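S.K.: Let me begin by handing over the structure; questions about it come next.
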Amino acid sequence: MSYANTYAAWRNDPEAFWMGAAQQIAWDRAPTKALFAENAPMYEWFSDGLVNTCYNAVDRHVDAGRGDQPAIIYDSPVTGSQRTLTYSQLRDEVAGFAGGLAAQGVGKGDRVLIYMPMVAEAIVAMLACGRIGAIHSVVFGGFAAHELAVRIDDAQPKCIVAASCGIEGSKTIAYKPLLDTAIDSATHKPETCVILQREQLSCDLGPRDLDWHAFQQGTQPAACLPVEGNHPAYILYTSGTTGAPKGVVRHTGGHLVAMNWTMKNVYDVEPGDVFWAASDVGWVVGHSYICYAPLIHGNTTIVFEGKPVGTPDAGTFWRVMSEHKVKVFFTAPTAFRAVKREDPEGKLFANYDLPHLKSIFLAGERADPDTIKWLGNMTGLPVIDHWWQTETGYAIAGNPMGIEPLPVKIGSPTVPMPGYDVQILDDGGHPLPAGELGAITIKLPLPPGCLPTLWNAEDRFKSSYLEAFPGYYETGDAGMIDEDGYVYIMARTDDVINVAGHRLSTGAMEEVLAAHKDVAECAVIGVNDALKGQLPLGFLCLNAGVDRDPSEIVADVIADVRGQIGPVAAFKLAVVVDRLPKTRSGKILRGVMAKIADSAPYKEPATIDDPAILDEIRAALQTLGYAKS
1 MSYANTYAAW RNDPEAFWMG AAQQIAWDRA PTKALFAENA PMYEWFSDGL
51 VNTCYNAVDR HVDAGRGDQP AIIYDSPVTG SQRTLTYSQL RDEVAGFAGG
101 LAAQGVGKGD RVLIYMPMVA EAIVAMLACG RIGAIHSVVF GGFAAHELAV
151 RIDDAQPKCI VAASCGIEGS KTIAYKPLLD TAIDSATHKP ETCVILQREQ
201 LSCDLGPRDL DWHAFQQGTQ PAACLPVEGN HPAYILYTSG TTGAPKGVVR
251 HTGGHLVAMN WTMKNVYDVE PGDVFWAASD VGWVVGHSYI CYAPLIHGNT
301 TIVFEGKPVG TPDAGTFWRV MSEHKVKVFF TAPTAFRAVK REDPEGKLFA
351 NYDLPHLKSI FLAGERADPD TIKWLGNMTG LPVIDHWWQT ETGYAIAGNP
401 MGIEPLPVKI GSPTVPMPGY DVQILDDGGH PLPAGELGAI TIKLPLPPGC
451 LPTLWNAEDR FKSSYLEAFP GYYETGDAGM IDEDGYVYIM ARTDDVINVA
501 GHRLSTGAME EVLAAHKDVA ECAVIGVNDA LKGQLPLGFL CLNAGVDRDP
551 SEIVADVIAD VRGQIGPVAA FKLAVVVDRL PKTRSGKILR GVMAKIADSA
601 PYKEPATIDD PAILDEIRAA LQTLGYAKS
């Protein structure tokens with residue numbers, strides 16, 4: 001079927017569409033229907049089915065005779081080690097660890113907080129929770145103690161699974177002191193902590209601590225426990241606008257159906273193919289496309305402990321893809337901007353043979369056209385932008401490579417995926433015509449696999465996502481849909497600036513800046529202006545080896561914006577900086593930069609990669625007369 005026919009099949013009969021997709025999942029008791037709308041707008045999917053995530057991700061492949069296929073390839077350039085787990089080996093490790101958890105009294109509905117680096121054991125712990133019906137909440141390894149304590153108090157885990165340390169580039173981060181500090185300051189106290197001792201830095205174990213290997217000894221491997229389709233599989237915390245984290249919930253049945261559907265239809269991989277998402281298990285990409293979707297679909301997934309540059313160089317991505325025969329690669333645009341900055345001519349890419357690689361997917365932030373063109377020209381492969389959120393768990397808009405590859409329009413993540421009725425609304429909730437910038441919304445119900453609520457916060461779920469536009473989910477992004485149905489994500493709603501009454505997208509200006517031959521990465525924010533309300537201000541990071549006067553490059557990009565967007569943009573301010581402040585997942589902190597520029601109070605995000613960068617940004621802004629206090 002074509003994309004148009006597939007999307008029409010969903011729109012014409014969503015119930016039949018999703019019940020058909022559900023047939024690819026091994027149910028202990030098949031659901032009688034797909035959508036449960038009795039408590040709308042609190043929709044649920046496949047609620048009366050019984051199913052187990054771990055069985056679908058691990059055991060069923062062994063039962064089907066594919067136990068010798070690699071399930072996980074662990075590749076760690078920071079430790080110089082590699083390890084492969086077949087599906088049979090993964091089943092045995094998961095069942096053993098789940099048995100250890102069960103022996104400690106962890107059962108269905110109990111929460112387990114996982115605080116781990118990018119090691120195969122993190123995936124084992126996640127799957128073990130699903131095996132016995134426990135609800136996991138993965139927190140990025142090395143997260144600050146205060147923020148970890150906030151999540152402990154919200155999720156109230158019976159057990160915490162952690163490692164002795166993580167490795168960030170050339171730095172070894174001790175996790176145990178952070179964990180102990182978090183537990184000391186949290187109101188809720190876990191009963192036990194299971195610690196994976198790493199040889200790079202071990203730790204002393206306290207009274208509540210159990211060694212990863214020792215605590216499993218003498219216990220029985222756990223069987224898979226069927227749970228209801230609406231049983232929470234996990235809680236994943238995402239930053240809220242108030243600074244308090246929001247616990248996104250993922251229900252088991254819809255998650256299984258959606259994850260499995262995307263692997264073929266969006267990414268065009270078959271069972272047995274090697275799929276690599278270069279992310280972290282602490283983020284939604286790590287949940288969906290390192291752990292769950294590849295394993296549910298019967299693929300080989302890669303757990304990579306390293307960075308796009310510096311471990312050891314900007315060729316590490318290509319090395320992993322070549323060595324492990326990766327068919328589809330998925331990462332954030334910021335990762336390739338870092339690679340491009342270090343290796344703009346692709347000399348390191350030329351060192352590797354990649355006959356198995358068929359496509360590269362980007363998500364997590366707007367994929368600027370310059371990065372897409374650079375990647376495409378260098379590799380000769382499709383470079384596919386797609387757009388989704390922590391809350392949805394998979395692509396809202398994308399190019400359905402396994403259904404029908406559609407023509408790429410640079411700057412667009414292509415078209416809505418089945419299940420998503422994407423609409424552009426004005427501030428009053430009225431639909432806007434093609435080509436007009438507005439709030440991007442999704443008509444309810446959201447499809448299977450998206451968040452049904454927030455953990456212990458139904459009212460906050462409604463106020464955060466459903467109240468601004470009744471009957472719609474508010475994405476928080478601004479953009480448009482063109483006459484061909486292609487979606488364009490131009491900015492977060494907060495990043496649309498108003499210059500003398502004109503609503504302008506900072507993303508459109510960033511596209512112009514990024515196209516300059518000397519610019520590796522950029523960001524545009526709106527700053528307060530007494531005359532025009534707001535003015536755009538650009539930050540430029542330059543490619544390695546550029547020796548031109550920065551003022552010349554600033555003059556270039558100002559002229560480029562004037563020529564391509566027009567005088568209406570009033571783009572006259574730009575500054576060259578060494579780096580941009582980002583979260584650990586690679587999102588640029590434009591809102592924080594704007595508050596610094598306007599000398600407004602702000603809360604330093606818990607997920608910031610390096611807080612020292614904010615001082616550098618403040619100093620750069622002061623050269624332009626901003627950030628005065």
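For the sequence shown, UniProt numbering assigns the number 1 to the initial residue and increments by one for each residue that follows.
Every residue gets a Cβ at the ideal spot worked out from N, C-alpha and C, and that includes glycine.
Here the structure is a predicted model, which means the values were calculated and not measured.
Could you pull the start and end residues of the alpha helix (DSSP H) that LYS340 belongs to?
M.R.: 333 to 342
S.K.: Helix, strand or coil for PRO232, going by three-state DSSP, please let me know.
M.R.: strand
S.K.: Helix, strand or coil for ILE525 per DSSP?
M.R.: strand
S.K.: So the beta strand (DSSP E) PRO536 belongs to, where does it begin and stop?
M.R.: 533 to 542
S.K.: By Cβ distance, which residues of its chain are closer than 6 Å to TYR237, with the 5 residues on each side in sequence left out?
M.R.: Excluding residues within five positions, the ones whose Cβ falls inside 6 Å are ARG151, PRO245, GLY247.
S.K.: Closest by CA to LEU425, which one among LYS409, SER505, ILE442, LEU451?
M.R.: ILE442
S.K.: Return helix, strand or coil for LYS325, following the three-state DSSP convention.
M.R.: coil
S.K.: Check ASN52 in the structure and name its three-state DSSP category.
M.R.: coil
S.K.: Identify every run of the alpha helix (DSSP H) within the segment 467 to 516, keeping only runs that are complete inside it and at least 4 residues long; order them along the chain.
M.R.: 506 to 514
S.K.: Which residue from ASP609, PRO605, MET593, ALA144 puts its Cα closest to that of ARG618?
M.R.: Residue MET593 is the option with its Cα nearest to ARG618.
S.K.: Is the beta carbon of ALA277 less than 8 Å from the beta carbon of TYR289?
M.R.: yes
S.K.: Is DSSP giving ASP518 helix, strand or coil here?
M.R.: coil
S.K.: Over the uninterrupted beta strand (DSSP E) stretch that includes GLU168, give me the two end residues.
M.R.: Note, GLU168: beta strand (DSSP E), 165 to 168.
S.K.: In angstroms, rounded to a whole number, what distance separates the CA positions of ALA315 and ASP154?
M.R.: The sequence shown places Gly at residue 315, rather than the Ala named in the question. Roughly 41 Å between the two C-alpha positions.
S.K.: Since PRO418 is in the beta strand (DSSP E), which residue starts that stretch and which ends it?
M.R.: Run containing PRO418: none; DSSP gives neither H nor E here.
S.K.: Between the segment 221 to 238 and the segment 184 to 200, can you find at least three pairs of beta-carbon atoms closer than 8 Å?
M.R.: Remark: fewer than three beta-carbon pairs, one from each stretch, lie closer than 8 Å, so the segment 184 to 200 and the segment 221 to 238 are not flagged as touching.
S.K.: Is the segment 63 to 74 touching the segment 109 to 124 in the sense that three or more CB pairs, one from each, lie closer than 8 Å?
M.R.: yes
S.K.: By DSSP, does THR241 sit in helix, in strand, or in coil?
M.R.: Unreliable placement is indicated for THR241, whose pLDDT of 49 sits below 50; the coordinate value is still reported in the next sentence. In this structure, THR241 counts as coil in the three-state DSSP scheme.
S.K.: In chain order, what residues of the same chain have a beta carbon less than 7 Å from the beta carbon of LYS171, not counting five sequence neighbours either side?
M.R.: none
S.K.: Could you please give me the residues that DSSP links to CYS159 through a beta bridge?
M.R.: VAL112, THR192
S.K.: Compute the Euclidean distance between the alpha carbons of SER463 and SER322, then round it to the nearest angstrom.
M.R.: 47 Å
S.K.: By DSSP, does ASP180 sit in helix, in strand, or in coil?
M.R.: Under the three-state reduction of DSSP, ASP180 is assigned to helix.
S.K.: Pop quiz: CYS54 and VAL106 are said to be a contact at Cβ under 8 Å. What is the actual Cβ separation, rounded to whole angstroms?
M.R.: Between VAL106 and CYS54 the Cβ distance is about 14 Å, and since that is not below 8 Å, they are no contact.
S.K.: Curious, which full-length beta strand (DSSP E) runs of at least 3 residues does the segment 55 to 81 contain?
M.R.: If we require 3 residues or more, the beta strand (DSSP E) runs fully inside the segment 55 to 81 come out as 70 to 76.
S.K.: Can you tell me the Cα-Cα spacing of VAL576 and GLU616, whole angstroms?
M.R.: Whole-angstrom Cα-Cα distance: 11 Å.
S.K.: Within the same chain, show all residues whose beta-carbon is closer than 6 Å to that of LYS582, passing over the 5 residues directly before and after it, in chain order.
M.R.: ILE588, ASP609
S.K.: What three-state label does DSSP hand GLY398 in the structure shown?
M.R.: strand
S.K.: Taking SER359 and PRO382 to be in contact with their CB atoms under 8 Å, please state how far apart those CB atoms are, rounded to whole angstroms.
M.R.: 5 Å
S.K.: GLN216 and GLY96 - do their beta-carbons sit closer together than 8 Å?
M.R.: yes
S.K.: I need the DSSP call for LEU444, collapsed to helix, strand or coil.
M.R.: coil
S.K.: Tell me whether the beta-carbon of GLY282 lies closer than 8 Å to the beta-carbon of VAL138.
M.R.: yes
S.K.: Give the secondary structure of VAL546 by DSSP, where H, G and I count as helix, E and B as strand, and everything else as coil.
M.R.: coil
S.K.: If you count every other CB in all the chains shown that lies within 10 Å of the CB of VAL78, and 16 or more means buried, which is it?
M.R.: buried
S.K.: One question on the structure: do GLY142 and LEU178 come within less than 8 Å of each other, judged by their Cβ atoms?
M.R.: yes
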